[in-house]
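Here is the structure we will look at.
2 protein chains.
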Amino acid sequence: MTAPLVTILDDEPAIRTMLADALEDAGFRTLSFGRAREFEAALQTHTPDVCLVDLSLPDTDGLTVVHRLALEQGASVIIISGRAQVQDRVTGLELGADDYIIKPFDPAEVVARVRARLRSNKPVTQSRRTAKFNGWTAQFDAYTLIDDAGETTPFSHAEGEVLRLFLDSPKRLISRTQMQESLGGVANESFDRAMDVRISRLRTKLREDPKNPQLIKTIYGAGYIFLGEVSWS
Amino acid sequence: MTAPLVTILDDEPAIRTMLADALEDAGFRTLSFGRAREFEAALQTHTPDVCLVDLSLPDTDGLTVVHRLALEQGASVIIISGRAQVQDRVTGLELGADDYIIKPFDPAEVVARVRARLRSNKPVTQSRRTAKFNGWTAQFDAYTLIDDAGETTPFSHAEGEVLRLFLDSPKRLISRTQMQESLGGVANESFDRAMDVRISRLRTKLREDPKNPQLIKTIYGAGYIFLGEVSWS
DNA sequence: TGACCTTGTTACAATTCGTTATATTTTAGA
DNA sequence: TCTAAAATATAACGAATTGTAACAAGGTCA
Numbered sequence: 002m003t004a005p006l007v008t009i010l011d012d013e014p015a016i017r018t019m020l021a022d023a024l025e026d027a028g029f030r031t032l033s034f035g036r037a038r039e040f041e042a043a044l045q046t047h048t049p050d051v052c053l054v055d056l057s058l059p060d061t062d063g064l065t066v067v068h069r070l071a072l073e074q075g076a077s078v079i080i081i082s083g084r085a086q087v088q089d090r091v092t093g094l095e096l097g098a099d100d101y102i103i104k105p106f107d108p109a110e111v112v113a114r115v116r117a118r119l120r121s122n123k124p125v126t127q128s129r130r131t132a133k134f135n136g137w138t139a140q141f142d143a144y145t146l147i148d149d150a151g152e153t154t155p156f157s158h159a160e161g162e163v164l165r166l167f168l169d170s171p172k173r174l175i176s177r178t179q180m181q182e183s184l185g186g187v188a189n190e191s192f193d194r195a196m197d198v199r200i201s202r203l204r205t206k207l208r209e210d211p212k213n214p215q216l217i218k219t220i221y222g223a224g225y226i227f228l229g230e231v232s233w234s
Numbered sequence: 002m003t004a005p006l007v008t009i010l011d012d013e014p015a016i017r018t019m020l021a022d023a024l025e026d027a028g029f030r031t032l033s034f035g036r037a038r039e040f041e042a043a044l045q046t047h048t049p050d051v052c053l054v055d056l057s058l059p060d061t062d063g064l065t066v067v068h069r070l071a072l073e074q075g076a077s078v079i080i081i082s083g084r085a086q087v088q089d090r091v092t093g094l095e096l097g098a099d100d101y102i103i104k105p106f107d108p109a110e111v112v113a114r115v116r117a118r119l120r121s122n123k124p125v126t127q128s129r130r131t132a133k134f135n136g137w138t139a140q141f142d143a144y145t146l147i148d149d150a151g152e153t154t155p156f157s158h159a160e161g162e163v164l165r166l167f168l169d170s171p172k173r174l175i176s177r178t179q180m181q182e183s184l185g186g187v188a189n190e191s192f193d194r195a196m197d198v199r200i201s202r203l204r205t206k207l208r209e210d211p212k213n214p215q216l217i218k219t220i221y222g223a224g225y226i227f228l229g230e231v232s233w234s
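Protein chains in written order, with this note's numbering: chain A, 2 to 234; chain B, 2 to 234.
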């Protein structure tokens, strides 16, 4: 059994070596990158168990990297950032990060938090581009739904956001506030209607019976729940 | 209902209510405890998805609680502590905690971190989602009652709250004040009527004979008692 | 430019569930 | 046992929540 692989994405060489040393002392394999571009290229050939990502990068916004990682790779992501505001942490976590460490940090704590991520035995680096559920296949790359007969229906970006939210937490109540935050909506009352409309459109594409939806159920006053046996691939 | 259950273990009432309010606003169910003893007793009947644990407790060392939780329950554990030393954090995490938040904290960040734990989808004991009793099956995921002939009846969120309360404590008197607290009702007089109505509607769905209810019995002046052989799965 | 697509907004329909009103049951006390 | 008051049950109503059709604003692409 090989040691778990931890990637480090940070533009400061000093931090990279500090982290790499600490992690390797703890028995992990590491790969370090200074630019998002290099890092994403490496993902083609490596499947890390945990990814450490600094938010301030020369070539890209770190949050974009985090979002894509969490969305498409399903890898454990730990943000390392100098931005200490609560709001920064909340948005980082909402975007899919599993943890958020503030600079300056102690390498020992980073190691402990990496171990915590590994313990939580999240299904390792499982791609999140295609999901199957109840006779349907959702291809997020192609923005396409395929039914069991092979017939395809395109879905839009907005619909895909909702669908992914549901597929990420099947059989769990998703409150409207949670949905609002995940969809980046402002706490505007009329956004409530927008959410309804997105869901209504998604339901139509999933051919739900409006009187008796089988997949997306409304819980009056509480939120929505997606009932479906989901498997990602 | 199927909202994830978050437990709060902290000796300061102010912190308990602050956390409970924020989490309930976010759509979670919560249970709060001031002492480890009460908390561990509750684990006999509840299976939380995430446990928030303060380390400074009157009756036990919080770390012991954390350790036992992580080992035996497999639930996600988030430590909340005033001890800010790196060494404290490292030992907390090494003992099995999934996250470590330092006081004072912002409730929004706690909510975000709770969500992060849920996303990582530890194969949480997905128990207490279906209960069988006297020929009925209650599926809390799907908000559906199924009779022995396989016929389904949907129940609402409000009805489900009452039903879960009964199924959690069968054959035990449940006082109206107790019910009121569990249902998050204000100590408003008219909420008494609302409770009656919820129960009345639930009785209808369970096809109770109004003159002679078999499952939900009214104890005049005291409360209700649910008679039924309940088994959860 | 113009046809087409996406998505939020508006307006109104449908549903839920607490509230009110009224009926029924239970208990205390004569 | 009988009666009145208190407690509970339920029918009916309405405010709040959610669903969706229709429209409008903006974007894209030939």
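Just so it is clear, CB atoms sit at the ideal spot from N, CA and C, and this is done for glycine as well.
Out of A:E13, A:R199 and A:A27, which one is the CA nearest neighbour of L6 (chain A)?
Counting from one through the first sequence, the residue named residue 6 (chain A) turns up at place 5. Selected option, being the one with the closest Cα: A:A27.
Is D22 (chain B) buried or exposed, if buried means 16 or more other CB atoms sit within 10 Å of its CB?
Numbered from its first residue, the second sequence carries residue 22 (chain B) at position 21. Burial call: exposed.
What does R90 (chain A) touch in chain B if you count any residue whose Cβ is under 8 Å from its own?
For this step, residue 90 (chain A) is matched to residue 89 along the first sequence. Close partners of R90 (chain A) in chain B (Cβ separation under 8 Å): E110 and A113.
Count the CB pairs spanning the region 92-109 of chain B and the region 68-81 of chain A that are closer than 8 Å, and state whether there are at least three.
no
Indicate whether D99 (chain A) and A113 (chain B) have their beta-carbon atoms separated by less than 8 Å.
Position 98 of the first sequence, counting from 1, holds the residue named residue 99 (chain A). Position 112 of the second sequence, counting from 1, holds the residue named residue 113 (chain B). Contact flag unset, no.
From the DSSP secondary-structure annotation, give me the bridge partner or partners of L10 (chain B).
As a working mapping, residue 10 (chain B) is identified with position 9 in the second sequence. Its beta-bridge partners are B:F34 and B:V54.
Nearest to A42 (chain B) by alpha carbon, out of B:L64, B:L24, B:M19 and B:L10?
Within the second sequence, the letter at position 41 stands for residue 42 (chain B). Out of B:L64, B:L24, B:M19 and B:L10, B:L10 has the C-alpha closest to the C-alpha of A42 (chain B).
Could you tell me whether the Cβ of R120 (chain B) comes closer than 8 Å to any Cβ of chain A?
To locate residue 120 (chain B), count along the second sequence from 1; it is residue 119. Cβ-Cβ to chain A under 8 Å: yes for R120 (chain B).
Check whether the Cβ atoms of L203 (chain B) and L228 (chain B) sit closer than 8 Å, and answer yes or no.
What you label residue 203 (chain B) is simply residue 202 of the second sequence in a count that begins at 1. What you label residue 228 (chain B) is simply residue 227 of the second sequence in a count that begins at 1. No, the pair does not count as a contact, with Cβ atoms beyond the cut-off.
Comparing the CB of P108 (chain A) with every heavy atom of the ligand PLP, is any distance shorter than 7 Å?
Only the bare structure without any ligand can be found here, which leaves the ligand PLP out of the picture.
Considering T65 (chain A), what are the terminal residues of the alpha helix (DSSP H) in which it resides?
As a working note, residue 65 (chain A) is residue 64 in the first sequence. That run of the alpha helix (DSSP H) goes G63 to R69.
Check the DSSP bridge columns for Y225 (chain B) and list the partner residues they point to.
Reading the second sequence from its first residue, position 224 is the one you call residue 225 (chain B). DSSP output for Y225 (chain B) lists B:I175 and B:T219 as bridge partner(s).
Does DSSP classify L96 (chain B) as helix, strand or coil?
Position 95 of the second sequence, counting from 1, holds the residue named residue 96 (chain B). Residue state, collapsed to three classes: coil.
Mind checking the region 3-33 of chain B against chain A and listing, in chain order, the residues whose C-beta falls within less than 7 Å of any C-beta there?
T3, A4, P5, D26, A27 and G28
Can you tell me where the beta strand (DSSP E) holding F29 (chain B) begins and where it ends?
Residue numbering aside, residue 29 (chain B) sits at position 28 when the second sequence is read from its first letter. Here F29 (chain B) belongs to no beta strand (DSSP E), and DSSP marks it neither H nor E.
Report the three-state DSSP secondary structure of T3 (chain A) (helix, strand or coil).
Your numbering for residue 3 (chain A) matches position 2 in the first sequence. It is coil, neither helix nor strand.
List, in order along the chain, the chain A residues whose C-beta lies closer than 8 Å to that of D99 (chain B)?
Reading the second sequence from its first residue, position 98 is the one you call residue 99 (chain B). What D99 (chain B) touches in chain A: A117, R120 and S121.
From A:L20, A:S170, A:S232 and A:T8, pick the residue whose C-alpha is nearest to that of S128 (chain A); which is it?
Taking the first sequence and counting its residues from 1, one reaches residue 128 (chain A) at position 127. Considering only alpha carbons, the answer is A:S232.
Report the CB separation of F134 (chain A) from Y144 (chain A) in whole angstroms; it is logged as a contact under 8 Å.
Counting from one through the first sequence, the residue named residue 134 (chain A) turns up at place 133. Counting from one through the first sequence, the residue named residue 144 (chain A) turns up at place 143. That pair is no contact at about 17 Å.
Mind checking whether G224 (chain A) and S170 (chain A) have CB atoms under 8 Å apart?
As a working mapping, residue 224 (chain A) is identified with position 223 in the first sequence. As a working mapping, residue 170 (chain A) is identified with position 169 in the first sequence. Their beta carbons are not under 8 Å apart, which means G224 (chain A) does not touch S170 (chain A) by this criterion.
For a contact defined as C-beta to C-beta under 8 Å, what are the partners of G169 (chain A) on chain B?
Position 168 of the first sequence, counting from 1, holds the residue named residue 169 (chain A). For clarity, residue 169 (chain A) is Asp in the given sequence; the question names Gly instead. Under the 8 Å cutoff, chain B gives R120.
What residues from chain A crowd round V87 (chain B), counting only those whose CB sits closer than 7 Å?
By 1-based counting over the second sequence, the position of residue 87 (chain B) is 86. Ordered by position in chain A, the residues that pass the 7 Å Cβ test against V87 (chain B) are D107, A109 and E110.
Which chain B residues are close to Q179 (chain A), counting only those with a beta carbon under 8 Å from its beta carbon?
Numbered from its first residue, the first sequence carries residue 179 (chain A) at position 178. The answer, in chain order, is A27, G28 and R116.
For the 8 Å Cβ check, are there 3 or more pairs between the region 35-49 of chain A and the region 11-19 of chain A?
yes
Check whether the Cβ of I79 (chain A) lies closer than 8 Å to any Cβ atom in chain B.
The sequence position of residue 79 (chain A) within the first sequence is 78, counting from 1. Output row for I79 (chain A): interface = no.
Per DSSP, what kind of secondary structure is P211 (chain B) in: helix, strand or coil?
Translated into positions along the second sequence, residue 211 (chain B) becomes position 210. If DSSP states are grouped into helix, strand and coil, P211 (chain B) belongs with coil.
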